[in-house]
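J.:
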Amino acid sequence: AQDPNVSGFWETLGSRATHAILPTISLTFISYAGYHLLQRSLLLDNINADYVRTARSKGLTRQQAIYRHGLRTSV
57 AQDPNVSGFW ETLGSRATHA ILPTISLTFI SYAGYHLLQR SLLLDNINAD
107 YVRTARSKGL TRQQAIYRHG LRTSV
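Going by my numbering, the final residue of the sequence shown carries number 131, and the count climbs one at a time with no gaps.
Here you go:
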């Protein structure tokens, strides 16, 4: 569909770009939510892994063990 008040290449290109902003943002948020849920599930699986428990027993705090060992294997 064409805008009735738009003529010319650059005006049409600008109109299409402005009309594509909201769908692009919506699709970005939807795909980010799916990626976030996948990353969360992988991290929850790795928190109880042997190497994270070993790091905790060597003196790392829970957050340090998760950041240094759990997140690396989840990514």
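Every residue gets a Cβ at the ideal spot worked out from N, C-alpha and C, and that includes glycine. These numbers were taken from a predicted model, which means no experiment stands behind them.
(1) So, does the stretch 75–85 touch the stretch 113–120, judging by three or more C-beta pairs under 8 Å?
(2) Can you tell me whether I122 is buried or exposed? The criterion is at least 16 other CB atoms within 10 Å of its CB, across all chains shown.
(3) Sort Y91, G64, L127 and R72 by Cα distance to I103 and report the nearest one.
(4) Could you check where the alpha helix (DSSP H) with Y91 kicks off and where it finishes?
(5) Could you tell me how far apart the beta carbons of L98 and S130 are, in whole angstroms, since I believe they sit closer than 8 Å?
T.: Looking at the atomic coordinates:
(1) In short, these stretches do not touch, since the Cβ pair count stays below three.
(2) Buried: at least 16 other Cβ atoms inside 10 Å.
(3) Considering only alpha carbons, the answer is L127.
(4) Going by DSSP, Y91 is part of the alpha helix (DSSP H) stretching over F65 to I103.
(5) About 4 Å separates the beta carbons of L98 and S130, which is inside the 8 Å limit, making them a contact pair.
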